[in-house]
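Reviewing the structure listed below.
Residue numbers (this note's numbering), protein chains in the order written: chain G, 77 to 256; chain B, 77 to 256.
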């Protein structure tokens, strides 16, 4: 564990302990600073992403079809991992008040049901003039294999913000008409 | 309307009329070929995307907080529009059997509640050797202003596929604990 990730872990612990979330304004950012989040892919995740995006490609929803594809089983939408990356940027580093300007994504391996994807973002460039920040974005599976990589360009928040967390809306899926 | 988009519209009509969806394999792709999809952003869309991505940034979920931001109201997650782009690629052009290799996204304007986003993808490069296709991706709002732009790299399907559509899973949101 690097000093940077230790620092981040401590900050996250403080925020959780106080029941508050806080951002990392531009002046607190440094090269190499990281934040990460892990999530295990369930069939519900895939179905919910299909509903939200309207992407009903059967590679994600129909196990019989998916069995005949090059991946031999249901895989996540590539942009599901993209959404996890954006979530780390918007809620952890830099977090509250971040303005998203751009994102490049390379999809290098499928994410399968039961895979645990760990998304890590790392500060790579800091441009003080307009508070622009470039972050390296890596998503790996439980074997440590890259599944998605890329970089993000954001405007970091100017001021420190602390506030109570927003509860995650809970989703219920109605699959009565679906063919899974 | 260009000849290309007319051709696409006719193909889409045929597929709808037969109750089937079909893809556009590499050999049927041509430079300038387009497909598009429009969606009006509702608060439910934003809440559902938050639930799916875990991105609980209050800019998307808390109207009181959002009123104090530079956008003055709730805006969509940038990656929501990214997900619409990937849906057009995965379900329309090239559609079934497409392998997603990469996506660049520039977020140029916020998408607000009630905005109608039209996503259009256009074939820009065809590389026969490995069936690689580069598509220009544009998302505009109802004023025709660019909200997201970029390009996608995919492997187009080799063979024509036709199959019944997959029903979209329906989502129900439980906001009992949310602070919207």
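Ideal placement from N, C-alpha and C gives every residue a C-beta, glycine not left out.
The structure displayed is predicted, hence computed values, not measured ones.
Extent of the continuous alpha helix (DSSP H) to which residue 102 of chain B belongs: For the purposes of this step, residue 102 of chain B is taken as residue 26 along the second chain, with counting starting at 1. Note, residue 102 of chain B: premise wrong, no alpha helix (DSSP H); not H, not E.
Apply the 10 Å Cβ neighbour rule to residue 245 of chain B and answer buried if 16 or more other Cβ atoms are within range, or exposed otherwise. Taking the second chain and counting its residues from 1, the one referred to as residue 245 of chain B is at position 169. So residue 245 of chain B counts as buried.
Which full runs of the alpha helix (DSSP H) of 4+ residues lie inside the stretch 129–198 of chain G, going along the chain? Counting only runs of 4+ residues, the alpha helix (DSSP H) found wholly inside the stretch 129–198 of chain G occupies 139–143 and 154–167, in chain order.
Nearest to residue 175 of chain B (by Cα), restricted to the options G:239, G:104, G:238 and G:146: The residue given as residue 175 of chain B occupies position 99 in the second chain. Checking every option, the nearest Cα to that of residue 175 of chain B belongs to G:146.
Excluding sequence positions up to five away, which residues of its chain have a Cβ less than 8 Å from the Cβ of residue 222 of chain B? Start at 1 with the first residue of the second chain, and residue 222 of chain B comes out as number 146. Excluding sequence neighbours, residue 222 of chain B sits near 184, 185, 214, 215 and 216.
| When you check each C-beta in the stretch 166–180 of chain G against every C-beta of chain B, which residues fall closer than 9 Å? | 166, 167, 171, 172, 173, 174, 175, 176, 177, 178, 179 and 180
Checklist entry - In its own chain, which residues sit with a C-beta less than 7 Å from the C-beta of residue 208 of chain B, not counting the 5 before and 5 after it? => result Counting from one through the second chain, the residue named residue 208 of chain B turns up at place 132. Result list for residue 208 of chain B: 229 and 231, in chain order.
Amino acids of chain B, ordered along the chain, whose beta-carbon sits closer than 7 Å to that of residue 310 of chain G: Lying before the first or after the last residue shown, residue 310 of chain G is absent from chain G, which here runs from 77 to 256.
Three-state secondary structure assigned by DSSP to residue 205 of chain G: Sequence index remark: in the first chain, residue 205 of chain G carries index 129 (1-based). It is helical.
- Would you give the residue range spanned by the beta strand (DSSP E) that residue 111 of chain B belongs to? In the second chain, residue 111 of chain B corresponds to position 35, counting from 1. For residue 111 of chain B, the enclosing beta strand (DSSP E) stretches over residues 110–116.
(message) Let's test the definition: count the other Cβ atoms within 10 Å of the Cβ of residue 114 of chain G and tell me whether it reaches 16, buried, or not, exposed.
(response) What you label residue 114 of chain G is simply residue 38 of the first chain in a count that begins at 1. Exposed.
List, in order along the chain, the chain G residues whose C-beta lies closer than 7 Å to that of residue 100 of chain B?
For this step, residue 100 of chain B is matched to residue 24 along the second chain. Correct list: empty, because the minimum Cβ distance to chain G is about 13 Å.
Exercise for review: Compare the C-alpha of residue 238 of chain G against each of B:141, B:112, B:123 and B:171 and name the closest.
Suggested key: Numbered from 1 along the first chain, position 162 holds the residue referred to as residue 238 of chain G. When each option's Cα is compared against that of residue 238 of chain G, the closest is B:141.
So, under 8 Å CB-CB, residue 192 of chain B and residue 168 of chain B are touching, yes? Tell me the CB distance rounded to an integer number of Å. Residue numbering aside, residue 192 of chain B sits at position 116 when the second chain is read from its first letter. Residue numbering aside, residue 168 of chain B sits at position 92 when the second chain is read from its first letter. In fact, because the Cβ distance is near 18 Å, the residues do not count as touching under 8 Å.
#### Entry: Short-range partners of chain G found in the stretch 94–128 of chain B, where Cβ spacing is below 8 Å
Those would be 113, 115, 121, 123, 124, 125, 126, 127 and 128, in chain order.
Residue nearest to residue 99 of chain G in terms of C-alpha spacing, selected from G:144, G:240, G:195 and G:248: In the first chain, residue 99 of chain G corresponds to position 23, counting from 1. Checked all of G:144, G:240, G:195 and G:248; the closest Cα to residue 99 of chain G is G:240.
### Query
What is the residue span of the beta strand (DSSP E) that residue 244 of chain B lies within?
Within the second chain, residue 244 of chain B is the residue found at index 168, counting from 1. Membership of residue 244 of chain B in any beta strand (DSSP E) is not indicated, and neither H nor E is assigned to it by DSSP.
Spatial neighbours of residue 105 of chain B within its chain, please: C-beta separation below 7 Å, excluding the five flanking residues on both sides.
As a first step, residue 105 of chain B must be located in the second chain, where it is residue number 29. Counting only residues of its own chain and dropping the five nearest sequence neighbours on each side, residue 105 of chain B has a CB closer than 7 Å to the CB of 170, 199, 202, 209 and 232.
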